[in-house]
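Residue numbers (this note's numbering): 18 to 285.
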């Protein structure tokens, strides 16, 4: 089955993805800058390394935004789409290792993250919502990273095979959008105290990060559609002129001309 880009949704998807990527990147850089400026010794090399890592972390969304806005109309399976998926695969692996690995060492820690029954029980017993969201977001982060790895690996193969079995990717997209929203909500609830110190940048970063991530998967949901395989309409005027010319030179009769004319008008 052939697929094409959904032009109706393309412009706003590209703009939203670009806004999310830019907002995430700049707010993240601002957070790093603020943290380093608080230290008595400013390590410029470490700071630049962190900025480079931030650029890499949000590069899947940057590449997708460029793809949607500039090349998707010309070629759906353009290399930029594959690049964005490859970068998502690598960045998701990094997030899984950097953000989740410290909490899942050993079978007990892994089980607690995969099936957070203790966290839910603690909420029921203590009623400490703050502690609940601070722990449950690791679970959301773990599953979002894991499913993002699966999604991106399958998407890379799917693009090369003319978007084969895109339904699976769309199901995963819905799952990932839900997981990202839950993770973002848990992050906002956990970091809400930052506002008490006059520093809402963490919340702004979480918001833009969610916008970029959700729009990335929305592209696979509503940015790609089945190609319209209907044959192009015949140029009516040209076909009528041909039929009329055949009538004038005597190759067809008036009755045949009328039949041809009726057929041409019915087809177009």
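By construction, the Cβ of each residue, glycine as well, lies at the ideal position given by its N, Cα and C atoms.
In or out: residue i buried (at least 16 other Cβ within 10 Å) or exposed?
i           : result
residue 176 : buried
residue 253 : exposed
residue 109 : buried
residue 250 : Reliability fails at residue 250, whose pLDDT of 45 lies under 50, so the model's placement of it is uncertain and the value that follows must be treated cautiously. Exposed is the call here.
residue 14  : Residue numbering for the chain in the displayed model covers 18 to 285; residue 14 lies beyond these limits and cannot be assessed.
residue 96  : exposed
residue 241 : buried
residue 267 : exposed
residue 85  : buried
residue 194 : buried
residue 28  : exposed
So the beta strand (DSSP E) residue i belongs to, where does it begin and stop?
i          : result
residue 21 : 20-22
Between which two residues does the alpha helix (DSSP H) harbouring residue i extend?
i           : result
residue 241 : No alpha helix (DSSP H) holds residue 241; the beta strand (DSSP E) holding it covers 241-243.
residue 113 : Note, residue 113: premise wrong, no alpha helix (DSSP H); not H, not E.
residue 181 : No alpha helix (DSSP H) contains residue 181, which DSSP labels as neither H nor E.
residue 263 : 253-265
Could you say which of the options lies nearest to residue i if we only look at CA atoms?
i           : options            : result
residue 243 : 47, 180, 39, 95    : 180
residue 260 : 107, 49, 282       : 282
residue 156 : 66, 116, 55, 98    : 116
residue 236 : 19, 139, 34        : 34
residue 238 : 137, 139, 159, 182 : 182
residue 41  : 25, 65, 219        : 219
residue 30  : 171, 87, 76, 49    : 87
request  = Give, in chain order, every unbroken run of the alpha helix (DSSP H) that is at least 4 residues long and sits entirely within the stretch 134-178.
outcome  = DSSP assignment within the stretch 134-178 yields the following whole alpha helix (DSSP H) runs of 4 residues or more, N-terminal first: 134-143, 146-177.
request  = Entirely within the stretch 20-101 and at least 3 residues each: give me those beta strand (DSSP E) ranges in chain order.
outcome  = 20-22
ask   = Any contact of the stretch 156-168 with the stretch 185-192, i.e. 3+ C-beta pairs under 8 Å?
value = yes
key: Any 3 or more C-beta pairs closer than 8 Å across the stretch 96-113 and the stretch 45-62   = no
ask   = Would you say the stretch 57-71 touches the stretch 130-139, given that touching needs at least three Cβ pairs under 8 Å?
value = no
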